[in-house]
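So the structure is just underneath, and the comments pick up after that.
Residue numbers (the numbering used here): 1167 to 1496.
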């Protein structure tokens, strides 16, 4: 039996009809318990049910054989069930499109929020050194009685803030380039070991007395990788600069290149105070933090390389930042 309650009908006549039996066939009439009437039926495409029509009236009782043989009503039911199935398909398609559009709107809203946070971070990072430099320059301009040593100290502070501004402007241009829609990696064989040695030596040359030093721990026989050399250099430079600035005075930052299975692991470790992992996640997502734009640039560069930044840190235990690159097949 199919149906439910008083609407149950015997499915055998329905199956005979659908199998092509020429009849006449009589099916259960849910409106008249115990009664049987001429009917027509057709399965609903895309579902498990039937359209079951009981034909009432004397004209149908007299013309039962004609109805069974002509199949005209079957064609009508076929059209009806097709319309029902099509309506269901359209409803499903509309629902899918609605969900897709809703997801796109949410993604655009999230992107807009990230952009706003990024601009706020850039504005804050630029305003701080600019305001400090302007303040010291005003003192130097207005107070002619300052001693030579004090003037030299103030000029040194202004110079440091100007260098910070120059670095921030350079980072902004680099970030804009990395986020350009036309930015595509230029793949070539790269010796990450040689590149890391060059970057470490350059940072060592630029290190001032008392500043954080760079220690190299590089695998001597590491294989080449197929990647964009400039993007790798961008990632290592920003990570190393971040480690030096936050490692504290007279400390050392470790730049290591190691082989792990089929990958090269590049890691930069500092001996600074460390920070909470949740603050790290916020920083890499563009929220203004003590790390500035550096980690955002690293994340964009690694994304273009098909890699990701791994950060391990805890308060008082320093920070290690690393990423992986697949080695070339021999």
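Glycine included, each C-beta is placed from N, C-alpha and C at the ideal position.
Own chain, CB closer than 8 angstroms to residue i, minus 5 neighbours either side, in chain order
i            : result
residue 1351 : 1393, 1394, 1397, 1470, 1471
residue 1317 : 1306
residue 1402 : 1361, 1362, 1365, 1421, 1432, 1434
residue 1406 : 1365, 1366, 1369, 1380, 1419, 1421, 1434
residue 1172 : Reliability fails at residue 1172, whose pLDDT of 49 lies under 50, so the model's placement of it is uncertain and no value is given.
Nonlocal neighbours in the same chain, by C-beta distance under 7 angstroms from residue i, ignoring five residues either side
i            : result
residue 1423 : 1358, 1359, 1362, 1384, 1385, 1388, 1430, 1432
residue 1468 : 1401, 1474, 1475, 1489
residue 1314 : none
residue 1482 : 1439, 1440
residue 1163 : Past the edges of the chain, shown from 1167 to 1496, lies residue 1163, and the structure says nothing about it.
Min CB distance residue i to chain B below 8 angstroms
i            : result
residue 1424 : Although the question refers to chain B, the structure presented lacks it and comprises just one protein chain.
Under the three-state DSSP convention, the category residue i falls into
i            : result
residue 1319 : helix
residue 1355 : strand
residue 1424 : strand
residue 1369 : helix
residue 1193 : strand
residue 1393 : strand
residue 1490 : strand
residue 1326 : helix
residue 1453 : Residue placement at residue 1453 cannot be trusted, given a pLDDT of 37 that sits under 50; what the coordinates show is reported in the next sentence. Residue 1453 falls in the coil class under three-state DSSP.
residue 1350 : coil
residue 1364 : helix
residue 1296 : helix
residue 1433 : strand
residue 1471 : coil
residue 1478 : strand
residue 1381 : strand
residue 1419 : strand
residue 1202 : strand
Between the CA atoms of residue j and residue i - distance to the nearest angstrom
i            : j            : result
residue 1408 : residue 1460 : 7 angstroms
residue 1464 : residue 1440 : 19 angstroms
residue 1310 : residue 1332 : 28 angstroms
residue 1334 : residue 1291 : 8 angstroms
residue 1491 : residue 1304 : 50 angstroms
residue 1455 : residue 1399 : For residue 1455, the predicted structure reports a pLDDT of 45, less than 50, and the residue's modelled location is therefore unreliable. The matter cannot be settled from this model.
residue 1196 : residue 1265 : 40 angstroms
residue 1370 : residue 1287 : 29 angstroms
residue 1367 : residue 1410 : 14 angstroms
residue 1255 : residue 1272 : 26 angstroms
residue 1477 : residue 1257 : 46 angstroms
residue 1270 : residue 1285 : 22 angstroms
residue 1202 : residue 1259 : 40 angstroms
residue 1263 : residue 1338 : 37 angstroms
residue 1179 : residue 1199 : 16 angstroms
residue 1425 : residue 1378 : 26 angstroms
residue 1336 : residue 1308 : 32 angstroms
residue 1300 : residue 1312 : 17 angstroms
residue 1289 : residue 1495 : 45 angstroms
residue 1278 : residue 1181 : 59 angstroms
Neighbourhood of residue i by C-beta distance below 6 angstroms, restricted to the same chain and skipping five residues each side
i            : result
residue 1437 : 1413, 1417, 1484
residue 1435 : 1420, 1486
residue 1330 : 1295
residue 1261 : none
residue 1382 : 1366, 1421
residue 1302 : 1320, 1323, 1324
residue 1268 : none
residue 1275 : none
Contact belief for residue i with residue j at Cβ below 8 angstroms, rounded distance in angstroms
i            : j            : result
residue 1345 : residue 1466 : 6 angstroms
residue 1380 : residue 1419 : 5 angstroms
residue 1175 : residue 1193 : 6 angstroms
residue 1356 : residue 1428 : Actually they do not touch by this definition, with Cβ atoms about 16 angstroms apart.
residue 1479 : residue 1489 : Not really, about 15 angstroms apart at Cβ, beyond 8 angstroms.
residue 1343 : residue 1349 : 7 angstroms
Residue i CB to nearest heavy atom of the ligand SAH below 7 angstroms
i            : result
residue 1272 : With respect to the ligand SAH, the structure shown offers nothing to examine, as it has no ligands at all.
Legend entry - Cβ contact check for the region 1295-1303 and the region 1320-1330: 3 or more pairs under 8 angstroms: yes
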